[in-house]
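Here's the structure we're looking at; comments come further down.
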Amino acid sequence: MKKTLLFLLLIIGITSYSQEKATDVFSAKLGLIGAWVGYEKALSPDFTINGEIGYEGGFFYSSWVSDRVNYVFTTTFSLEGRYYYNFNRRIEKGKNTMNNAANFLAVETDFTPGWATSSSVDNIYVLRTFTVSSKYGFRRNLSNRFNFELATGPGYQWAEGGSEGVILALDVRFGFVF
Numbered sequence: 003m004k005k006t007l008l009f010l011l012l013i014i015g016i017t018s019y020s021q022e023k024a025t026d027v028f029s030a031k032l033g034l035i036g037a038w039v040g041y042e043k044a045l046s047p048d049f050t051i052n053g054e055i056g057y058e059g060g061f062f063y064s065s066w067v068s069d070r071v072n073y074v075f076t077t078t079f080s081l082e083g084r085y086y087y088n089f090n091r092r093i094e095k096g097k098n099t100m101n102n103a104a105n106f107l108a109v110e111t112d113f114t115p116g117w118a119t120s121s122s123v124d125n126i127y128v129l130r131t132f133t134v135s136s137k138y139g140f141r142r143n144l145s146n147r148f149n150f151e152l153a154t155g156p157g158y159q160w161a162e163g164g165s166e167g168v169i170l171a172l173d174v175r176f177g178f179v180f
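In the numbering used here, the protein residues as written are 3 to 180.
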């Protein structure tokens with residue numbers, strides 16, 4: 003009986019420990035200026051790759067276009083490598099790490115092809131862009147299926163027509179995990 007109990011405790015401990023590390027996550031996210039669907043695949047206990055398809059945009063004002071604030075939204079694709087560096091510390095403190103709720107460092111690539119663009123102004127053309135950024139971020143669970151994610155960092159963006167420059171990447175998103 004003692005051996006059986008000890009065996010069960012070991013199996014439960016190992017199983018619960020392994021569930022605390024990086025896992026595969028399929029989610030939908032809603033942010034300040036867009037919506038995304040993504041899949042995050044665990045490559046190791048601390049590394050993941052996150053792919054997303056989104057519809058994002060922004061707001062602009064130009065007296066040349068109209069006398070009001072206008073919007074433009076378009077399709078985006080991103081691929082991001084993430085290193086979750088504080089899983090063990092969060093586990094030791096008894097914090098929730100389900101669905102990869104931890105701090106991370108990331109390198110992200112974004113491509114905006116200018117497909118399926120919608121705007122409040124006719125004949126708006128969205129430039130195709132390619133962006134590479136490095137980010138520091140964190141994800142925290144709000145419940146079993148809902149989470150909050152914040153990430154920011156410097157990046158560099160290239161656009162068709164020779165336009166390029168330094169940017170600040172900023173992600174503020176609420177997610178639902180399927």
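Note that the Cβ used here is the ideal one computed from N, Cα and C, for glycine as well. None of these values were measured; they are calculated from a predicted model.
For residue i, name the three-state secondary structure that DSSP assigns.
| i | result |
| --- | --- |
| R147 | coil |
| E94 | helix |
| T17 | Any reading at T17 must be qualified, since the residue scores a pLDDT of 39, below 50, and its modelled position is unreliable; the value itself is stated next. If DSSP states are grouped into helix, strand and coil, T17 belongs with the helices. |
| F89 | helix |
| R175 | strand |
| G83 | strand |
| W160 | strand |
| F140 | strand |
| Y127 | coil |
| S122 | coil |
| S165 | coil |
Mark residue i as exposed unless 16 or more other C-beta atoms lie within 10 angstroms of its C-beta, in which case mark it buried.
| i | result |
| --- | --- |
| K137 | buried |
| R175 | buried |
| N52 | buried |
| V123 | exposed |
| W66 | exposed |
| V27 | buried |
| G177 | buried |
| F180 | exposed |
| S165 | exposed |
Please identify the residue among the options whose C-alpha is closest to the C-alpha of residue i.
| i | options | result |
| --- | --- | --- |
| A171 | F148, S145, F132 and N146 | F132 |
| P47 | T111, N88 and E58 | N88 |
| A118 | G36, A30 and F75 | F75 |
Within a Cβ cutoff of 6 Å, which residues of the same chain sit near residue i, ignoring the five residues on either side of it in sequence?
| i | result |
| --- | --- |
| T25 | A44 |
| F61 | V71 and Y73 |
| L129 | A161 and E162 |
I'd like the list of long-range same chain contacts for residue i, defined as Cβ closer than 8 Å, with 5 residues on each side in sequence excluded.
| i | result |
| --- | --- |
| Y158 | T133, V134, S135, E166, G167, V168 and I169 |
Enumerated in chain order, which unbroken segments of the beta strand (DSSP E) with a length of 3 residues or greater are wholly contained in the segment 19 to 68?
27 to 33, 36 to 44 and 49 to 63
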